[in-house]
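Note sheet for the following structure.
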C-alpha cells in the first residue's frame, strides 16, 4: 500500500513538472504491476488441512451426482463437535454418500464421522489431485455409509443462494425427459448446460483424440451461438432507438444468466465479458478493438480471483482467442477460394488452425498428445454442434410444451448421435501422436515465432530475423543440455496404494519391473514421469531373481528389496532422493533403508 501511495505521489509530481510521456507511461504501468502484486493478498485464505476431529454440521452445496456405488456431493462444514463443545469452521468437503435420501442444496446435514485429508501425489509428475481440489477451496473428502448422516433442516432463503443450481437441475430434468437417446443425454447436458461430470471416459477420449474437446466446454463458441440466435430473432423486427437498446440490455442479462447456469467456468466468463462489451459497444454504435476486450476480460477475472490464472481452462481459452484474433487473418490470406461453400469451410478451417497453433504447446505440456485429425474433425463437428445449439436453446426455453419438447428433444439427440458416429470414425484413423513431451524453452520458441510471423509486416524484417536466429540458438543449446543430462543413469521406485514398480533408465534405454500396479493405475502413477523424462513407454524387462527368503534381487542394479525394505550392494548410487509435493528431496545415505510412502530416486 505504501508503494502504491508513493507511486501516485511520484506520478502526480511528474505530471505537475510536465515530465516526458514515456516516464508517465512507465509510472502508470508500475502502478498496475504493484496493484497486481498486492491484489492476491486480499483474496488469500488459509487452506488448512483437515481439522474436523469429530461429528460436524454442514450445508449441502449441490445436487447429488450418481456414481456406481454412491452419490457424490459437496458439503460446506460450518460447525464440528470437539469432545465438549461445537466449534465454528468454514471448510468444503467432497463426499460420497450412500444415504437413501437425496441431498438438496441448502439442506443441513449432520455427519457422525470425521473426514479424511486428501493425499499429495506420491510420484513425480503424477496428477496433483490435492492441489486441484485446493484451488476450488476443497480441503477434505469422505465416504459416508448409510446411517452415518442425518438431514436436519432446509434453509428458508435457499431460493436466493441456490437459484442457479435449481434452474440448472430443472433444465437437466427437462433434457432427461425429452431426449430419448440415452447415450446423447450426457453430451446434451455438457453442450447446453456445461455439466461434463456425467460424461464417461470413452466419450471424453473420442472428443479429445479428435481435437474437438473444446466443444464440450461451454465457451465462446456456445455463448456466440446464443448471441447469434437472439440477434437473429430480432433482425426481421428492425428495432431502433429505445427498443433496440432495451433488447440489447436484455441480451446482456441473458448472457450472464446462461453463464451462471453453466457454472461460470473461465472460458464462459471470458466469452461473456467479451460479448457483453461488444453488445455495450453496439449501444453506442462503437466497435472496441478485440485485443482491448480480451485484455480487459482477463484483468477483470484475475482481479476477482487471482488464482484463476493457474487454471488450465483459463490459459487455453485466452491462448485460443489470442491466436484466432492474431493469426486467423494471416492464414485466410494464404488462399482465396472462389466458391462460397469453400470460402466458408476455409474460414472455419483458418479459425481451427489459428487456435491450434496457439494452444498446442500448452496442450502437449499438460496432456502429452496432439490431435492429428483436428482440422477435418472441426470442419465436420462444429457445424453439427451449431445445429444442436440452434435446436437445443429453443428446447430449453419452450420444452415445457409437450409436443414441441418431445420433437426438439428427438432432433437434439439424433444430431448428437451423428456427431458421435463421426468422432468414432476419426478414432479408427491411424497416426495418433500420444505420449509427447515438450520443454518450456520449446514452448516459448513456438509462441515467439508465431509473434514474429504476426509482426512481419509491421516491424523491420532485419530485427525480426535477428531475434529469430537468437531464439533458435537458445533453443538448440537448451536441447543439447537436456540431451546430455538425460544420459545419466537413474532408478525410480514408484509407489501406489497396492504394489510398487521400478524404472531403470540406463541413459540409452528404459528397463522396468512392476510389482502389482494395475495397468489402469500405471497410466497415472508411472506413465507421466516416463513421458516428462522422455524415456518412452516401451521398456525392456528388468532382470530379477527371487531368493529362498522371498527377497527380490535386481542384478543390474545390485539391489535387493525385501517387502518394504531396500538393501544396496556394492554399486552405490551417488544420491538417494524421496519425492515430496514440492519435488525431490534428500532422503538417506544408508545401504539399508525402508522404502518410504512416496517414490524414491537413485542417481548414479
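Residue numbers (the UniProt record's numbering): 1 to 604.
Every residue gets a Cβ at the ideal spot worked out from N, C-alpha and C, and that includes glycine.
Check, Outcome
"Proximity to residue 208 [Cα-Cα], best of 370, 254 and 256", "370"
"Distance CB(residue 109)-CB(residue 152) smaller than 9 Å", "yes"
"Where residue 267 falls, given that 16 or more other Cβ within 10 Å makes a residue buried", "buried"
"Where residue 241 falls: helix, strand or coil (DSSP)", "helix"
"Residues near residue 120 by beta carbon distance below 6 Å, same chain, minus five either side", "130 and 581"
"Cβ-based neighbour list, residue 411, same chain, cut-off 7 Å, excluding 5 preceding and 5 following", "391"
"Given residue 335 as reference, the closest of 442, 346 and 180 once Cα atoms are compared", "346"
"Other residues of its chain near residue 174: CB distance less than 6 Å, five sequence neighbours each side excluded", "399"
"Cβ shell of residue 126 (< 8 Å), same chain only, five flanking positions each side left out", "524, 525, 528 and 529"
"Own chain residues within Cβ distance below 6 Å of residue 220, not counting five before or after", "271"
"Continuous beta strand (DSSP E) stretch holding residue 97: start and end", "85-97"
"Pairwise C-alpha distance: residue 54 and residue 75", "15 Å"
"According to DSSP, residues forming a beta bridge with residue 322", "Paired residue(s): none; residue 322 is not in a bridge."
"Three-state secondary structure assigned by DSSP to residue 189", "helix"
"Cβ pair residue 587, residue 568 closer than 9 Å", "no"
"Reduced DSSP secondary structure (H/G/I, E/B, other) of residue 46", "Unreliable positioning characterises residue 46 in this predicted model, as indicated by a pLDDT of 49, which lies under 50. A coordinate reading is not provided."
"Cβ shell of residue 61 (< 7 Å), same chain only, five flanking positions each side left out", "74, 75, 76 and 105"
"Cβ pair residue 103, residue 63 closer than 9 Å", "yes"
"Assigned exposure category for residue 577 - 16 Cβ within 10 Å defines buried", "buried"
"Every unbroken beta strand (DSSP E) inside the UniProt domain \"DUF4131\" (4-147) [3 residues or more]", "56-60, 71-82, 85-97, 107-111 and 138-144"
"Whole alpha helix (DSSP H) elements within the region 429-504, 4-residue minimum", "440-454 and 461-485"
"Residue environment, residue 189, which counts as buried when at least 16 other CB atoms sit within 10 Å", "buried"
"For residue 336, three-class secondary structure by DSSP", "coil"
"Stretch-stretch touch, CB-based, cutoff 8 Å, three pairs: the region 179-193 with the region 271-284", "no"
"Residues near residue 393 by beta carbon distance below 8 Å, same chain, minus five either side", "192, 225, 226 and 229"
"Three-state secondary structure assigned by DSSP to residue 529", "helix"
"N-terminal and C-terminal residue of the alpha helix (DSSP H) that residue 209 is part of", "201-209"
"Extent of the continuous beta strand (DSSP E) to which residue 603 belongs", "600-603"
"Span of the alpha helix (DSSP H) around residue 424", "402-427"
"Residue 324 beta carbon less than 9 Å from that of residue 215", "no"
"Where residue 545 falls: helix, strand or coil (DSSP)", "strand"
"Per DSSP, cross-strand counterpart(s) of residue 287", "Partner(s): none; residue 287 has no beta bridge."
"Any 3 or more C-beta pairs closer than 8 Å across the region 81-94 and the region 470-490", "no"
"The region 459-468 in contact with the region 425-438 per 3-pair CB rule at 8 Å", "no"
"Three-state secondary structure (DSSP) of residue 554", "strand"
"Inter-residue spacing [alpha-carbon to alpha-carbon] between residue 476 and residue 452", "18 Å"
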